[in-house]
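S.K.: Below is a structure I'd like to ask you about.
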Amino acid sequence: MIEILNPTLLARAKDTGALVADILQTLKSRSTAGTNLLDIDRWAKTMIFDAGALSCYVDYEPSFGRGPFGHYICTAVNDAVLHGRPYDYALADGDLLTLDLAVSLRGVAADAAISFVVGGTQPPESVAMISATERALAAGIAAAGRPGARTGDISHAIGTVLGEAGYPVNTEFGGHGIGSTMHQDPHIPNTGRPGRGYKLRPGLLLALEPWVMADTAELVTDADGWTLRSATGCRTAHSEHTIAVTEDGAEILTLPKQARS
328 MIEILNPTLL
338 ARAKDTGALV
348 ADILQTLKSR
358 STAGTNLLDI
368 DRWAKTMIFD
378 AGALSCYVDY
388 EPSFGRGPFG
398 HYICTAVNDA
408 VLHGRPYDYA
418 LADGDLLTLD
428 LAVSLRGVAA
438 DAAISFVVGG
448 TQPPESVAMI
458 SATERALAAG
468 IAAAGRPGAR
478 TGDISHAIGT
488 VLGEAGYPVN
498 TEFGGHGIGS
508 TMHQDPHIPN
518 TGRPGRGYKL
528 RPGLLLALEP
538 WVMADTAELV
548 TDADGWTLRS
558 ATGCRTAHSE
568 HTIAVTEDGA
578 EILTLPKQAR
588 S
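This is the structure we're talking about:
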């Protein structure tokens with residue numbers, strides 16, 4: 328299903344996006360060496376409930392997972408990249424952590440992810456990989472804002488940045504439509520051919536999410552049935568924003584508070 332939101336729902340989407348962004352930034356500030364992933368999950372739950380919002384994850388049970396996800400945020404560390412299920416692990420200085428959060432507020436969902444290195448040790452290769460996903464995300468958003476843009480234009484823009492940075496690109500999981508539910512059509516792979524795919528329309532919400540693994544495009548699944556890791560054990564990074572397609576271009580709904588002013 329491809330859902331086109333009316334102005335009332337788009338206004339709600341902006342509120343949801345702001346909430347997601349603010350929760351992620353609060354969790355990032357609290358994620359220091361020694362922080363347990365289960366504490367991050369509990370903090371996310373509290374902030375979601377305090378805002379009167381609903382988790383898109385806790386009861387999420389798609390075909391590729393094993394039963395309901397059962398947690399309120401995805402926490403992926405080092406070689407984990409997607410659907411990281413929180414567990415009893417204390418973060419260490421230099422860990423590469425990805426926080427991925429989706430919530431629904433007043434019937435409209437938003438989804439975003441940030442990757443960052445915990446503590447004072449900042450391995451250059453990890454910083455470079457995070458930067459590549461952020462640049463690819465910016466390129467995808469720019470492509471979405473051009474007149475007559477199609478999903479293939481977004482995929483091509485993202486894939487060009489990731490490829491030029493030297494990273495293999497996996498196309499099993501990528502961006503997606505979002506609205507009254509978290510995952511909708513169209514699927515937006517992280518590489519593709521320009522000029523192809525669905526033509527974007529005002530009122531369409533998209534969650535764009537470039538992610539990479541340092542030296543492989545192959546994923547393996549943890550015994551928990553959810554967490555996806557690099558097949559080689561290499562580090563990974565993931566950046567995501569929810570955007571709204573408008574008459575004037577593409578608007579990012581999940582910007583941090585300092586970037587919204």
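Position in the sequence shown (from 1) plus 327 gives the number in this note's numbering. Just so you know, even glycine gets a beta-carbon here, dropped at the ideal spot from N, CA and C. Just so it is clear, the structure is predicted and the values come from calculations on it, not from any experiment.
In the DSSP assignment, the alpha helix (DSSP H) including GLN352 goes from what residue to what residue?
M.R.: From DSSP, the alpha helix (DSSP H) with GLN352 extends over 334-357.
S.K.: Starting from HIS483 and walking both ways along the alpha helix (DSSP H), at which residues does that stretch end?
M.R.: 478-491 is the span of the alpha helix (DSSP H), which, as asked, contains HIS483.
S.K.: Closest Cβ-Cβ distance between GLY524 and chain D: below 8 Å?
M.R.: Going by chain labels, chain D is absent from the structure shown, which holds only one protein chain.
S.K.: Consult DSSP for MET509 and reduce its assignment to one of helix, strand or coil.
M.R.: Of the three classes helix, strand and coil, the one that applies to MET509 here is coil, per DSSP.
S.K.: Under 8 Å between the Cβ atoms of SER557 and VAL408?
M.R.: Going by C-beta atoms, SER557 is nearer than 8 Å to VAL408.
S.K.: Starting from ASP438, trace the beta strand (DSSP E) in both directions and tell me its first and last residue.
M.R.: ASP438 -> beta strand (DSSP E) spans 435-444.
S.K.: Give me, in chain order, the residues of the same chain whose beta-carbon lies closer than 6 Å to that of LYS484; leave out the 5 immediate sequence neighbours on both sides.
M.R.: Residue 484 is actually Ala in this sequence, not Lys. The residues are ALA466, GLY467 and ALA470.
S.K.: Beta carbon of ILE331, beta carbon of TYR525: below 8 Å?
M.R.: Cβ distance not < 8 Å, so ILE331 and TYR525 don't count as in contact.
S.K.: Kindly give me the distance between the Cβ atoms of GLY576 and GLY472, rounded to whole angstroms, as I take these residues to be in contact under 8 Å.
M.R.: So it is a contact: roughly 3 Å between Cβ atoms.
S.K.: Return the Cβ separation of PRO413 and ALA463 in integer angstroms, given the expectation that the two are a contact with Cβ distance under 8 Å.
M.R.: So it is not a contact: roughly 26 Å between Cβ atoms.
S.K.: By the three-class DSSP mapping on this structure, what secondary structure does TRP370 have?
M.R.: Reduced to three states, the DSSP call for TRP370 is helix.
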